[in-house]
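Here's the structure we're looking at; comments come further down.
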Amino acid sequence: RLRLGRRIGFDPRLWAGFVVQDVEVSDLDEDGVPLELYDQYDRELTRLYGLSFDLSSRRVDNQLIPHDGYSLALGSVFYSRHLGSEFDITTAELRGDWYTPTWTTDEGTQPVLHLEFNIAAQQPYDETPRVPYSARYFLGGTNSLRGYQFRGVGPMATLSREPRGGETQMFGTFEWFYPLHATTQPGTYRKLEVLRGGLFFDYGLLDPESWSLNFDELRTSAGFTLGLTYPIPITLNFGYPIREFD
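Heads up, this note's numbering is the position in the sequence shown plus 916, with the first residue counted as 1.
Below you can see the structure in the form of structure tokens.
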């Protein structure tokens, strides 16, 4: 991906760019894989070339471990055969994060509330019947629904029981972090959070169709987190499914 951006005001930025994806599928398991993946196996190479347009804004007090602020991003990609792509697909995605301190402890540290929301959809058009398997959305795992298997949320292939992916997704989290240990920054009176714990509630939904969400199939999970914030952010998440289906 190559992007050029321009700042409009203090925080917002507009971006435009070109996206190139070349995917080769080989060495498939003989005991069965999703049929959508066989479509790419028959091709020598899957090419997705398109134009991207993004609008983003971010204002946080710390880039790695935010305690206060927000980030917002709206993006779209237009894959077209006129640009060398093998598929005609449009994508749209909205991502948002909001952080706010809940109070200040006696040590001078601040517990933090974090809200995250993501929604995205893909739309094939012209002669493209569906989005290729390697470009579809998948849910489940550390980055979306903690407590579920990797790609374990959403429709499964009937025979292989492998994930089929989807063309519309929505997921997010409610998190609350509490500082367990802090140290004083050398040369200042500022407290540095070193160790934190927290609680979270995740939710997510994956639909095989474009611009479609069936909230009867909403998945949720809850759990706790423990991790370092300084000098290197390292987090352990322990999630447990609440609302799950086959």
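Beta carbons: idealized from backbone N, C-alpha and C, even for Gly.
Distance check between residue 1084 and each of 1113, 1026, 1073, 1128 places 1128 closest, using alpha-carbon atoms only. Taking the CA atoms as reference points, residue 1131 sits about 7 Å from residue 1121. Within the segment 1037-1114, the complete beta strand (DSSP E) runs of at least 3 residues fall at 1084-1100. If you look at residue 995, you'll find it in the beta strand (DSSP E) that goes 985-995. A distance of 9 Å or more separates the beta carbons of residue 1077 and residue 1049. The beta-carbon separation of residue 993 and residue 1093, rounded to 33 Å, does not stay under the 8 Å limit for a contact.
As summarised for the segment 934-977, the continuous alpha helix (DSSP H) elements at least 4 residues long and confined to that stretch are 951-957, given in chain order. Distance between residue 979 and residue 918, taken at the CA atoms: about 23 Å. Under the three-state reduction of DSSP output, residue 1134 falls in the coil class, being neither helix nor strand. Taking a C-beta distance under 9 Å as the contact criterion, residue 961 and residue 999 do not qualify as a contact pair.
Here residue 1157 is bridged, per DSSP, to 1137. Taking 9 Å as the cut-off, the Cβ atoms of residue 1058 and residue 1003 do not count as close. The three-state secondary structure of residue 1129, taken from DSSP, is coil. If you draw a straight line from the Cα of residue 1136 to the Cα of residue 1012, it comes to about 19 Å. At least 9 Å separates the beta-carbon of residue 985 from that of residue 1009. Here the C-alpha atom of residue 940 lies approximately 15 Å from the C-alpha atom of residue 965. A residue is called buried when at least 16 other Cβ atoms come within 10 angstroms of its Cβ; residue 1055 meets this threshold and is buried.
Residue 1075 counts as exposed, since fewer than 16 other beta carbons sit within 10 angstroms of its beta carbon.
According to the DSSP secondary-structure assignment, residue 1013 is paired through a beta bridge with 987, 1032.
In this structure residue 1039 touches residue 1126 by the C-beta definition: roughly 5 Å separates them, less than 8 Å. Bounds of the beta strand (DSSP E) holding residue 921 are 918-923.
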